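Chains as they are written, first to last, in my numbering: chain A, 4 to 567; chain B, 757 to 937. Every residue, glycine too, gets a C-beta built ideally from N, C-alpha and C. It should be emphasised that the depicted structure is a prediction, and the values quoted were computed from it without experimental measurement.
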């Protein structure tokens, strides 16, 4: 008979079987047996103690997004689980593979309102791919195997394992089999040749084809397949916020950023193209604006791995179900080589317009206060366009997405679907842990930075070399922008009196500089990038900066305000 | 688009919390479930949900896709009444003296094809199977004439007009593909 081990040790063994080497967590009563077991595994598993459970989940997300591995967060029951909910929801909306383990009271106490008991499975079911309560130690191996399989396969997403304390303690014979098949779950639909035929015929007949690139390409590791596809038929392409870095910034067919604060040309061309090819994106309202006027002139091809996305917002003429890794090569094989020189050249006019009306003043101002755009522009160049960008949410996020350059894939970590302020600092920690050899630049506003500011403690303790940049305008900038544009400049509770951020960083023994004048900026950036240590750069930017271009919420995709 | 009654059929693994996962999808879109019935299906270990709702086809098709996407759901699909043979069952409790006063029980039995499940000096329990309109018609008639003490109607049960239960074919396919791997 095999040796029996405790459930907590069985759990550690199971994590090792799944290749877990990094966990972001926070201990507490109902998960203590697992933390006790973790003490014996510190040579194999690097546990990062965050300062809040939300931070643990965002760090796991950042780790997953840059590494492609499943992020793991380990927290206790009750308030820890509810603190983790924001990160779980964020991972669900942004298709991030993550397994969150929450402690739970012993099975005998379930449903009795015991101390720190909360219905975690009930709360997280709507925001997870799978949520399961482990009540017996016999189920640990099965549940962990299944959790990792579900989190990483198909369209990835978060899984919650709610681990009852009795199951952590009970002894069990450990017998681990990885999960490779669940009969009720088909993660990658098979490519249907008939769908490929229809889509290829549309592309072959197109005079003005245009491709929209989403995160599906990155999640499928199909960047090379995408490039081959676009190059063969000479198709210009633009990316969604989550699709950023799927194409290199200097790839000639890369025509920029889509959506509300995207580039003018790709938004305008959406309503001029004759065939619109959406690849691994979900026609979010921040991309489409008003669906009634969206790409009505075009035949629409939609490639996606998730059948529930096809026809959800835009009804395609040619749906192509499957992983981009499979569908793109199948499609490339069936399309003709083509040239669309004139069509591609027609993007230039809008690009020029945007440069003159927006980019010139934002990125290359000659006088006045420092702008957000110029800070981002200087930093992306100072890192040779090779850094990973992590953003918080708001103006800092849109500006960074617009002006940062991505030369490698998996170089952009942001909270797109949920739009979680406070995402930046912990996600940047996770990103640096997931890609330690790369420079990680995190941009936040003064608002979002203070939502998870306690994670500076984690950065101090672990010496995580993230480069944090606060674009400080003393306002909740994006809300202020909307108040200026749509609420008659009634600045209701958006102005902030801020602390001395550098003094706070110093208290955490993190080096930093505050910049008030344009002349100081280059030297401060050089100081920040001189080594691989954590650093805080606070840049006081213009107080009433605006993110342009802007397509107002619910407006037509071509209704773009340039701010002049 | 026209709103009408659709029947959604869901086959699932028999795991805890499945009903919650399904109803969440209705709640998010603020759709009422008209009727719901859940029972083990013909295939061991697999449960079958039959849900009716008023919606447009556009909405019902999206709801079904979102249900089908859940990990423990084997298959979900929707039908209109024309595709289905379906039935509901209703029980009516009425006062015995009032029922006898009304006159002929035979007329009631012949008109509505009812069964009498229980009868004593206080009350009678009548059972009628039929479509919603039929069970409702009998309820209306009894309410108006003698009053109904208690009334309960089941959710819809439905069978498709196609030859086999689609799920068995699907399961076979899935299993074969897995074994080939």
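| Asked | Found |
| --- | --- |
| Between the C-alpha atoms of residue 405(A) and residue 295(A), what's the straight-line distance to the nearest angstrom? | 27 Å |
| What does the alpha-carbon distance come out to for the pair residue 933(B) and residue 309(A)? | 20 Å |
| Contact between the segment 244 to 251 of chain A and the segment 267 to 274 of chain A is defined here as three or more beta-carbon pairs at a separation below 8 Å; is this criterion met? | no |
| If you drop the 5 nearest sequence neighbours on each side, which residues of the same chain put their C-beta closer than 6 Å to that of residue 834(B)? | 762, 764, 816, 820 |
| List, in chain order, every chain B residue whose beta-carbon is nearer than 8 Å to that of residue 114(A). | The premise fails here: residue 114(A) is roughly 12 Å from chain B at the closest Cβ pair, so nothing lies under 8 Å. |
| Using 10 angstroms around the beta-carbon of residue 132(A), count the other beta-carbons present and answer buried if the total reaches 16, otherwise exposed. | buried |
| Taking the alpha-carbon positions, what's the residue 845(B) to residue 553(A) distance? | 58 Å |
| CB-CB under 7 Å to residue 202(A), same chain, minus the five flanking residues each way: which ones, in chain order? | 304, 321, 323, 334 |
| Pairing CB atoms from the segment 379 to 393 of chain A with CB atoms from the segment 281 to 292 of chain A, are three or more of them under 8 Å? | no |
| Using beta carbons (cut-off 9 Å, strictly below), is residue 784(B) in contact with chain A? | yes |
| How should residue 869(B) be labelled, buried or exposed, when 16 other C-beta atoms within 10 angstroms of its C-beta is the threshold for buried? | exposed |
| Sort out for me which residues DSSP pairs residue 444(A) with in a bridge. | 392(A), 470(A) |
| With DSSP as the reference, label residue 489(A) as helix, strand or coil. | helix |
| Thinking just about the alpha-carbon of each residue, which of 859(B), 795(B), 894(B) is nearest to the one in residue 871(B)? | 894(B) |
| Quick check: what's the CA-CA separation for residue 134(A) versus residue 770(B)? | 15 Å |
| With 16 other CB atoms within 10 Å as the buried threshold, where does residue 929(B) fall? | exposed |
| Quick one: which residues of the segment 803 to 822 of chain B get their C-beta closer than 8 Å to a C-beta of chain A? List them in chain order. | 817, 818, 821, 822 |
| Taking the beta carbon of residue 533(A) as the centre, do at least 16 other beta carbons fall within 10 Å, making it buried, or is it exposed? | exposed |
| Just grab the DSSP bridge partners of residue 165(A) for me. | 105(A), 136(A) |
| Using a Cβ distance threshold of 8 Å, determine whether the segment 234 to 244 of chain A contacts the segment 334 to 343 of chain A, with at least three qualifying pairs required. | yes |
| Could you confirm whether any beta carbon from chain A is found closer than 9 Å to the beta carbon of residue 777(B)? | yes |
| Which ranges does the beta strand (DSSP E) cover as unbroken runs of at least 3 residues, wholly within the segment 187 to 219 of chain A, from first to last along the chain? | 212 to 216 |
| In three-state terms, what does DSSP make of residue 764(B)? | strand |
| If contact means a Cβ-Cβ distance below 8 Å, which residues of the segment 902 to 934 of chain B contact chain A? | 927, 930, 931, 934 |
| Leaving out five residues before and five after residue 797(B) in sequence, what residues of the same chain have Cβ atoms less than 8 Å from its Cβ? | 767, 803, 804, 921, 923 |
| Can you list, in chain order, the residues of its chain with a C-beta nearer than 6 Å to that of residue 429(A)? Leave out the 5 residues immediately preceding and following it. | 58, 61, 62, 455, 458 |
| Pick from 517(A), 371(A), 416(A): whose alpha carbon is nearest that of residue 502(A)? | 517(A) |
| Of the residues 847(B), 862(B), 773(B), 852(B), which one's Cα is nearest the Cα of residue 829(B)? | 773(B) |
| Taking C-beta pairs closer than 8 Å, name the residues in chain A that residue 827(B) reaches, listed in chain order. | 132, 133, 153, 185, 187, 188 |
| Please report how far the alpha carbon of residue 541(A) lies from the alpha carbon of residue 485(A), in whole angstroms. | 24 Å |
| Would you say residue 789(B) lies against chain A (beta-carbon separation less than 9 Å)? | no |
| Are three or more beta carbon pairs between the segment 24 to 31 of chain A and the segment 74 to 94 of chain A nearer than 8 Å? | yes |
| Could you tell me the distance, in whole angstroms, from the CA atom of residue 8(A) to the CA atom of residue 25(A)? | 22 Å |
| Just to confirm my understanding: we take residue 44(A), look at its own chain, exclude 5 residues before and 5 after, and list those with CB closer than 6 Å. What are they? | 15 |
| Going by beta-carbon coordinates alone, are residue 92(A) and residue 105(A) separated by less than 9 Å? | no |
| Name, in chain order, the residues that DSSP records as bridge partners for residue 33(A). | Answer by DSSP bridge pairing: none, since residue 33(A) is not bridged. |
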